Amino acid sequence: MSSELEQRLEGLLAEAPEPDPGAEEEALHRALRALHPGAPARRGLRTAVLVFAAAAVLLGIAAGSLAAAGALHVSFGHKAKPRPATTQLVLPKGANGVAAIIDGRLSVVTTGGFRLQGLPVTSAALSPHALFVAAGIGQSLVALKPSGRQAWSHPARGTVIAIAWAPFGNRIAYIVRIGHRFALHVIWGDGTHDTPIDRRVRAVRPSWRADSLAFAYVGAGGKAIVYDVGHRNRSILAVRAPVTGVAFAPTGDSVAVEQLDGVWVLHQSSAAKIQGHVDAFGWLSGRLADVVPGQGFVLVRLYASSGASRGSFRAQGNAVTVTPKIVVLRRGRNLVAGRTTLLTIPRRSTVQMLEIG
Amino acid sequence: MREPSDRDLVQRARRGDREAAAALFRRYWRDAWRAAFAITGRRSLADDVAADGFERAFAALGRFDERRPFGPWLHRIVANRALDLLRAERRLSDEELPDTPDLAPVHGAGDRGLLAAVSELSLERRMVVVLRYGVGMTPKQISDTLDLPVGTVNSRLARGLEQLRESLEVEHVE
């Protein structure tokens, strides 16, 4: 017999507010787009599925028998325990925030007091001034505000493997893995107006131009492409494929394009190539910087937009990344930026991303 | 004129009839959204969860067994989507982020309402309570949806009800 509480609970949904009509129309639009006209599953297919399932059961029984006999280790749905935490990420002086992905786990700290450590993600990026962090979580692109109150989530229908915020924070370019291909999308900074840009691209993080009106990415053929979001057109940069990285300068419209054997710096109508493999490259204090290995140190070389040398300096460690203000290096177990140790990590850990905003 | 049945609409939508699909959507949108809201406690998440649920349901309509009722199937998809999102968020809230359901604007002072009390249940209890009483699933259907033993569903329901009773009694006394 149902209690009074249960009777009240049966009217639970009536207490919920009404959905927003705007959300309804958008959801209807999305749902109709997802509609695939076609015949229902055929009997033949169902039979094939049943045969496959029966085979799987038989295999399972055989594997179980072997496991029982100690001849085979069987594990279904085993979830690895979380790895012990690394040390807490330290915010470098003068920065708004720092984010790092170590072995697939995101750590973030910002001046606003936001701290996150060890969140499993597939990719991440700090917004300008580190006001937000966007991350690929499961099959969604998720944006978090330091307060956590204005978080939004967008179903990406695949694993988000690279994220780049526009310098004005109004748009995000991201790459999602769908099956065996990578697709490029742009979404507004508030998580709306997701737009597919290119159905097949390479898994290289896009880079926004300083005016937030265009970004560079690497197409499926390995060409560097600049997409203009205002005019919705694209232009291919005059650098031969394959391109392995792109980086617009933080001011102006110079762009650095990495290949396996060097870095091109393209500035208006000029182009210059810095020969030789580099460990990392980027824009440091408005100049192009690359990091090349030396004997027991790395050499950080600086260039003008014309490609002319602007000096170099030595540093101990291995290059992790070049950020707009500082080069991050790995020294033993430490990730260091200048005199600040940002993080101490297990020796064999992989640093997938490190950003200082 | 008699309204078309869910089955009619599903059959027509499968053939690509967008009007039938839209009718099916409008028939279930409000309930699906409210279920999503009851589970997540936040409008923005409910928008995402319900929209994503419909998108997935329509994409999978070809595989839907039309001898079964459409509603529970849709709610199952919505519930699973809500669960995925909340689990992802809970990993975040374990770190730093507070759980901030926006129920306050819905219920005025002194009338927190049943929904607000439900929102205070743990995610596991809240989910089974909403699916059982809000959506009307049986414990067996919930166990299939959440991939849990029926006994676990029943115990979570019992504990959820007990907590709700206590919570509402305290509120009444206050």
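Chains A and B supply the protein sequences, listed in that same order.
Residue 408 in this note's numbering sits at position 233 of the first sequence, with consecutive numbering throughout.
Residue 606 in this note's numbering sits at position 122 of the second sequence, with consecutive numbering throughout.
Where a beta carbon is used, it is the ideal one built from N, C-alpha and C, also for glycine.
Owing to the predicted nature of the structure, the values given are computational and were not obtained by experimental measurement.
- Taking all protein chains shown into account, A/Thr-496 has 16 or more neighbouring C-beta atoms within 10 Å of its C-beta and is therefore buried.
- Residue-level contact check: B/Ser-627 does not touch chain A, since none of the beta carbons of chain A fall below 8 Å from its beta carbon.
- A/Phe-456 and B/Leu-632 have their C-alpha atoms some 50 Å from each other.
- The beta carbon of B/Ala-507 is closer than 6 Å to those of Leu-493 in its chain, skipping five residues each way along the sequence.
- Going by beta carbons, B/Ser-651 and B/Glu-608 fall outside the 8 Å limit.
- Taking A/Thr-515 as the centre and dropping the five residues before and after it, the same chain places the C-beta of Val-265, Pro-267, Lys-268 closer than 8 Å to its C-beta, in chain order.
- Closest in alpha carbon position to A/Gly-461, among A/Arg-380, A/Ser-481, A/Asp-454, is A/Ser-481.
- Straight across, the Cα-Cα distance linking A/Leu-477 with B/Ala-520 is about 54 Å.
- Your pair A/Val-317 and A/Val-283 does not check out as a contact, with CB atoms roughly 13 Å apart and the cut at 8 Å.
- B/Met-621 sits in coil when the DSSP states are folded into three classes, being neither helix nor strand.
- Between A/Asn-345 and A/Gly-532, the C-beta spacing is not below 8 Å.
- Close to A/Glu-190, with beta-carbon spacing below 7 Å, are these residues of chain B in chain order: Gly-597, Leu-598, Leu-599.
- Following the DSSP letters along the chain, one finds A/Glu-433 in no alpha helix (DSSP H) but inside the beta strand (DSSP E) bounded by residues 430-434.
- Rounded to whole angstroms, B/Glu-646 and B/Tyr-512 show a C-alpha spacing of 31 Å.
- Under DSSP, A/Ala-446 takes part in a beta bridge, and its partners are A/Leu-441.
- Rounded to whole angstroms, the separation of the alpha carbons of B/Asp-568 and B/Ile-626 is 15 Å.
- The beta-carbon of A/Ser-302 is placed no less than 8 Å from the nearest beta-carbon of chain B.
- A buried status is given to A/Glu-530, since no fewer than 16 other beta-carbon atoms sit within 10 Å of its beta-carbon.
- With a 10 Å radius around the Cβ and a threshold of 16 neighbouring Cβ atoms, A/Ala-310 comes out buried.
- Proximity of B/Gly-555 to chain A, defined by a Cβ-Cβ separation below 8 Å, is not satisfied.
- Non-local beta-carbon contacts of A/Val-401 in its own chain, meaning distances under 6 Å to residues more than five positions away in sequence, involve Ala-389, Ala-391, Ser-410 in chain order.
- Among the residues of the stretch 494-521 of chain B, those with a Cβ less than 7 Å away from any Cβ of chain A are Ala-497, Arg-498, Arg-499, Gly-500, Arg-502, Ala-505, Ala-506, Phe-509, Trp-513, Arg-514, Asp-515, Trp-517, Arg-518, Ala-519, Phe-521, in the order of the chain.
- For A/Glu-530, the enclosing beta strand (DSSP E) begins and ends at 526-531.
- The stretch 431-448 of chain A and the stretch 484-500 of chain A do not touch, with fewer than 3 CB-CB distances between them shorter than 8 Å.
- Between B/Asp-568 and chain A, the shortest Cβ-Cβ separation is below 8 Å.
- Neighbours of A/Pro-330 in chain B, taken as residues at a C-beta separation under 8 Å, are given in chain order as Asp-532, Asp-536, Glu-539.
- Neighbours of A/Ala-206 across chain B, judged by C-beta separation under 8 Å: Ala-505, Phe-509, Ala-535, Phe-538, Glu-539, Ala-541, Phe-542.
- For A/Ser-298, the CB contacts under 6 Å within the same chain, skipping 5 residues up- and downstream, are Gly-311, Val-335, Ile-336, Ala-337, Ile-338 in chain order.
- Each of A/Ser-315, A/Leu-319, A/Thr-262, A/Arg-375 was checked against the Cα of A/Asp-369, and the nearest Cα belongs to A/Ser-315.
- Rounded to the nearest whole angstrom, the CA to CA distance from A/Leu-281 to A/Pro-295 is 6 Å.
- Contact between the stretch 466-473 of chain A and the stretch 417-437 of chain A is absent: fewer than 3 CB-CB pairs across the two stretches fall below 8 Å.
- DSSP, reduced to helix, strand and coil, places B/Gly-537 within a helical segment of the structure shown.
- If you draw a 10 Å sphere on the C-beta of A/Glu-190, you find 16 or more other C-beta atoms in it, and that means buried.
- When beta bridges are read from the DSSP output, A/Gly-457 appears opposite A/Ala-464.
- Taking 8 Å as the CB threshold, B/Val-602 lines the interface with chain A.
- When CB distances to chain B are screened at a threshold of 8 Å, not a single residue of the stretch 506-529 of chain A falls below it.
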